[in-house]
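Engineer:
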Amino acid sequence: MSIKRPRISPIAWGIAPAALLFVLFFILPFGVMALLSVLSGNPVSNPNVTFTWRHYNRLFDSDLYFDALVATMRIGAVTTVISLLIGYPLAHWMARMRSRLGHAALLMAVIAPLLTGIVVRTFAWMTLLSDRGVINTTLQWLGFAPLPLMYNEFGVIVGLVHIYVPFMVLTLVGVIGRIDRTLEEAASGLGAGRFRTFLEVTLPLSLPGILAGSLLVFALAISAYVTPVVLGGNNVLTLPMLIYQQVSASFNLGFAGALGVVLLAVSLALVFAYNAVLGRLTGERQIA
Amino acid sequence: MSKRFGGAHAAYLTLNGAIVAFLLLPIAIVLVFALNPTPYIAFPPVGVTLRWFVKFFSSPEFMNALWLSIYVAVIVVILSTVIGALCALAIARGNLPGFRLLTTVFLSPLMLPAILTGLALFQLFMLAGLGRPVWGLVVGHTLVAVPYVLRTTLAVLQNFDRRVEEAAAMLGASPSRVFFEVTLPLIRPGVIAGGIFAFIVSFDQLPISLFLVVPSGETLPVVLLNYIRFDLDGAIAAASMVSIVLALTAVLLLERIIGLRAYVRL
Numbered sequence: 275m276s277i278k279r280p281r282i283s284p285i286a287w288g289i290a291p292a293a294l295l296f297v298l299f300f301i302l303p304f305g306v307m308a309l310l311s312v313l314s315g316n317p318v319s320n321p322n323v324t325f326t327w328r329h330y331n332r333l334f335d336s337d338l339y340f341d342a343l344v345a346t347m348r349i350g351a352v353t354t355v356i357s358l359l360i361g362y363p364l365a366h367w368m369a370r371m372r373s374r375l376g377h378a379a380l381l382m383a384v385i386a387p388l389l390t391g392i393v394v395r396t397f398a399w400m401t402l403l404s405d406r407g408v409i410n411t412t413l414q415w416l417g418f419a420p421l422p423l424m425y426n427e428f429g430v431i432v433g434l435v436h437i438y439v440p441f442m443v444l445t446l447v448g449v450i451g452r453i454d455r456t457l458e459e460a461a462s463g464l465g466a467g468r469f470r471t472f473l474e475v476t477l478p479l480s481l482p483g484i485l486a487g488s489l490l491v492f493a494l495a496i497s498a499y500v501t502p503v504v505l506g507g508n509n510v511l512t513l514p515m516l517i518y519q520q521v522s523a524s525f526n527l528g529f530a531g532a533l534g535v536v537l538l539a540v541s542l543a544l545v546f547a548y549n550a551v552l553g554r555l556t557g558e559r560q561i562a
Numbered sequence: 003m004s005k006r007f008g009g010a011h012a013a014y015l016t017l018n019g020a021i022v023a024f025l026l027l028p029i030a031i032v033l034v035f036a037l038n039p040t041p042y043i044a045f046p047p048v049g050v051t052l053r054w055f056v057k058f059f060s061s062p063e064f065m066n067a068l069w070l071s072i073y074v075a076v077i078v079v080i081l082s083t084v085i086g087a088l089c090a091l092a093i094a095r096g097n098l099p100g101f102r103l104l105t106t107v108f109l110s111p112l113m114l115p116a117i118l119t120g121l122a123l124f125q126l127f128m129l130a131g132l133g134r135p136v137w138g139l140v141v142g143h144t145l146v147a148v149p150y151v152l153r154t155t156l157a158v159l160q161n162f163d164r165r166v167e168e169a170a171a172m173l174g175a176s177p178s179r180v181f182f183e184v185t186l187p188l189i190r191p192g193v194i195a196g197g198i199f200a201f202i203v204s205f206d207q208l209p210i211s212l213f214l215v216v217p218s219g220e221t222l223p224v225v226l227l228n229y230i231r232f233d234l235d236g237a238i239a240a241a242s243m244v245s246i247v248l249a250l251t252a253v254l255l256l257e258r259i260i261g262l263r264a265y266v267r268l
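Chains as they are written, first to last, in our numbering: chain A, 275 to 562; chain B, 3 to 268.
(1) I want to verify the contact list: residues of chain B whose CB lies under 8 Å from the CB of residue 398 (chain A), in sequence order.
(2) Helix, strand or coil for residue 4 (chain B) per DSSP?
(3) Run down chain A in chain order and give the residues with a C-beta less than 8 Å from the C-beta of residue 106 (chain B).
(4) Taking beta-carbon pairs under 8 Å, can you tell me which members of the region 399-431 of chain A lie near chain B?
(5) Against residue 493 (chain A), what residues of chain B qualify as contacts under a CB-to-CB distance less than 9 Å, listed in chain order?
(6) Closer than 8 Å is the cut-off here; do at least three beta carbon pairs connect the region 293-312 of chain A with the region 497-504 of chain A?
(7) When we look at the beta-carbon of residue 372 (chain A) and count the other beta-carbons within 10 Å, is it buried (16 or more) or exposed?
(8) Quick one: what's residue 313 (chain A) bridged to in DSSP?
(9) Under the three-state reduction of DSSP, which class applies to residue 192 (chain B): helix, strand or coil?
(10) By Cβ distance below 6 Å, which residues in the same chain neighbour residue 559 (chain A) in space, the five residues on each side in sequence not counted?
(11) Taking 9 Å as the CB-CB limit, is residue 77 (chain B) close to chain A?
(12) I'd like to know if the region 522-533 of chain A and the region 120-140 of chain B are in contact, where contact means that at least 3 CB-CB pairs between them fall below 8 Å.
(13) Taking Cβ positions, are residue 483 (chain A) and residue 544 (chain A) nearer each other than 9 Å?
(14) Taking the alpha helix (DSSP H) that residue 287 (chain A) belongs to, which residues open and close that run?
(15) I need the straight-line Cα distance from residue 248 (chain B) to residue 207 (chain B), nearest angstrom please.
(16) Consult DSSP for residue 131 (chain B) and reduce its assignment to one of helix, strand or coil.
(17) Flag residue 142 (chain B) as yes if its beta-carbon sits less than 9 Å from any beta-carbon of chain A, otherwise no.
(18) Identify each residue in the region 295-310 of chain A for which the Cβ-Cβ distance to at least one residue of chain B is less than 8 Å, and report them in chain order.
(19) Which residues, in chain order, does the region 155-177 of chain B contribute to contact with chain A at a C-beta distance below 7 Å?
(20) For residue 456 (chain A), go through chain B and note every residue whose CB falls closer than 8 Å to its CB, in chain order.
(21) Going by other Cβ atoms of all chains shown within 10 Å of its Cβ, with 16 needed for buried, is residue 394 (chain A) buried or exposed?
(22) Please confirm if residue 205 (chain B) has its CB atom under 9 Å from at least one CB of chain A.
(23) For residue 340 (chain A), tell me which candidate among A:546, A:533, A:411, A:464 has the shortest Cα-Cα distance.
(24) Residues of the region 47-72 of chain B with a CB closer than 8 Å to any CB of chain A: list them in chain order, please.
(25) Which residues, in chain order, does the region 219-233 of chain B contribute to contact with chain A at a C-beta distance below 7 Å?
(26) According to the neighbour-count rule (16 or more other Cβ atoms, all chains shown, within 10 Å of its Cβ), is residue 11 (chain B) buried or exposed?
(27) Mind reading off the beta-carbon distance from residue 18 (chain B) to residue 367 (chain A)? Whole number of angstroms is fine, and I expect it under 8 Å.
(28) Check the Cβ of residue 386 (chain A) against every Cβ in chain B and list those closer than 9 Å, keeping chain order.
(29) Mark residue 318 (chain A) as exposed unless 16 or more other C-beta atoms lie within 10 angstroms of its C-beta, in which case mark it buried.
(30) Using a Cβ-Cβ cut-off of 9 Å, state whether residue 329 (chain A) counts as contacting chain B.
(31) Between which residues of its own chain and residue 435 (chain A) is the CB-CB distance below 6 Å, once the five residues before and five after are set aside?
(32) Select from the region 449-478 of chain A all residues with a C-beta closer than 8 Å to any C-beta belonging to chain B, and list them in chain order.
(33) DSSP on residue 96 (chain B), reduced to helix/strand/coil?
(34) Name the chain A residues whose beta carbon is nearer than 8 Å to that of residue 17 (chain B)?
(35) Can you give me the C-alpha to C-alpha distance between residue 196 (chain B) and residue 335 (chain A), rounded to a whole angstrom?
(36) Under a three-way DSSP split, which group does residue 48 (chain B) fall into?
Encoded structure:
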């Protein structure tokens, strides 16, 4: 491309307020967080602070912290897989829906939970999963023993899946919708059954969407706070819960910072991967 | 075209129906508990009452929190629409180098864990000796609301025909007149939609608020979270209904103004 770049117009100054907001209240705070994670104390009130790795070492000192890290990743992974299994059929249905009204109704059904507060949705699951909740009351009425559905990882995963399925669906819909339908028709024209067409044409072509959606859901699930705290009770400890505990109960800003940096590093890696996958996808679309 | 296997297609529809039910039923069930008169969460419901709504709207604790949430959300809407719309215009029309990277950077608060944004802001305020001022809460919410406005406004800007602006300029309109009489009216739906998202995002914001509220001035989600950890009665269901009605209104408004598709196109 040898087209000369047009001059920067005065409208470009419009970026200044956003840039100021981001530098002062996004980049600077994260810098402070990283700084506190390697200092022995508060550099403002205490002039004798020194550089230290002890906040990071502490992560491996005790099984408690390391287990929390492992539990966070496990919950994130299981949530991602289930969200994909639930989200894919719905996204497929939505992408193939010919009626505009039906499509709009489905879109609303997916976005409405997204816009409902997270505490509200978690409360809704409490009313379903608790010992006296809807499911256990019904089970007992039918003569079965009640099941431990809440205050364990199961309850946390159910709540997280409900919250993050819409993100999976919204990522997949675009990708499935972009698949050239003539390819599917060609496959079935050549004698492949519906299931084989799906397995050998549709599914492989939607892999980038599956990857992007999974990265997004995993990133969101490992940083969830409300759902693990409420539906996990005292039996589940995840990284975000640990971070909040360090601030609210122990007031250990250094250790909280170290935990934050660990979560940030994982999230950043996931975000870059997500952008790379989606970037390649839109690139392909522009070529086509 | 529609040559279908009856059985397989029926299974496909049943599966999808079940998934939609999974998404919506938990929200619907909240209404049952909001109207059920028993003082604890019990199923099946035994009657219909409005006492939980009365309790919610007459409790000073809930009402203070509700007003603080609305107060913060309104300021956040104003700040984020101005900052976000200006930023979108600069990115779409400013011929800035590296505008793609800039977009990614400004959208990043949506992707990074909000709990970390809360923690980082809290640490900054502590270090600077600022404590936890209400404006800090507003700043934290604005940070996560700006990306929504940016996204909806950019979507509108990328869709409309630049020749309209060029035509106006050619016909002798000054750049500022082109901006106020052509560009601004055209991007208005995107900005309004972004503003609605900003309101919802701020009103429901929890992970950032958690670190930045003071004990005497908590937003509604924080009060609700503390409440459900110790009490489970209909008041919380009534509070939830208020929040759900607000969200549904927003969804319908968005669909009318810009169409939900703009939200989907990430």
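Beta carbons are placed, not taken as given, at the ideal position from N, Cα and C, and that holds for glycine.
Structural biologist: To lay it out plainly:
(1) 28, 29, 31, 32, 242
(2) In this prediction, residue 4 (chain B) has a pLDDT of 47, which is less than 50 and means its spatial position is unreliable; nothing more can be read from the coordinates.
(3) 549
(4) 399, 400, 401, 402, 404, 406, 407, 408, 411, 412
(5) 113, 114, 115
(6) no
(7) exposed
(8) A:325
(9) helix
(10) In this prediction, residue 559 (chain A) has a pLDDT of 47, which is less than 50 and means its spatial position is unreliable; nothing more can be read from the coordinates.
(11) no
(12) yes
(13) no
(14) No alpha helix (DSSP H) contains residue 287 (chain A), which DSSP labels as neither H nor E.
(15) 14 Å
(16) coil
(17) yes
(18) 295, 296, 299, 300, 302, 303, 304, 306, 307, 310
(19) none
(20) The premise fails here: residue 456 (chain A) is roughly 12 Å from chain B at the closest Cβ pair, so nothing lies under 8 Å.
(21) buried
(22) yes
(23) A:533
(24) none
(25) 223, 226, 227, 230, 231
(26) exposed
(27) 5 Å
(28) 25, 26, 29, 246, 249, 250, 253
(29) exposed
(30) no
(31) 353, 356, 357
(32) 468, 469
(33) coil
(34) 363
(35) 46 Å
(36) coil
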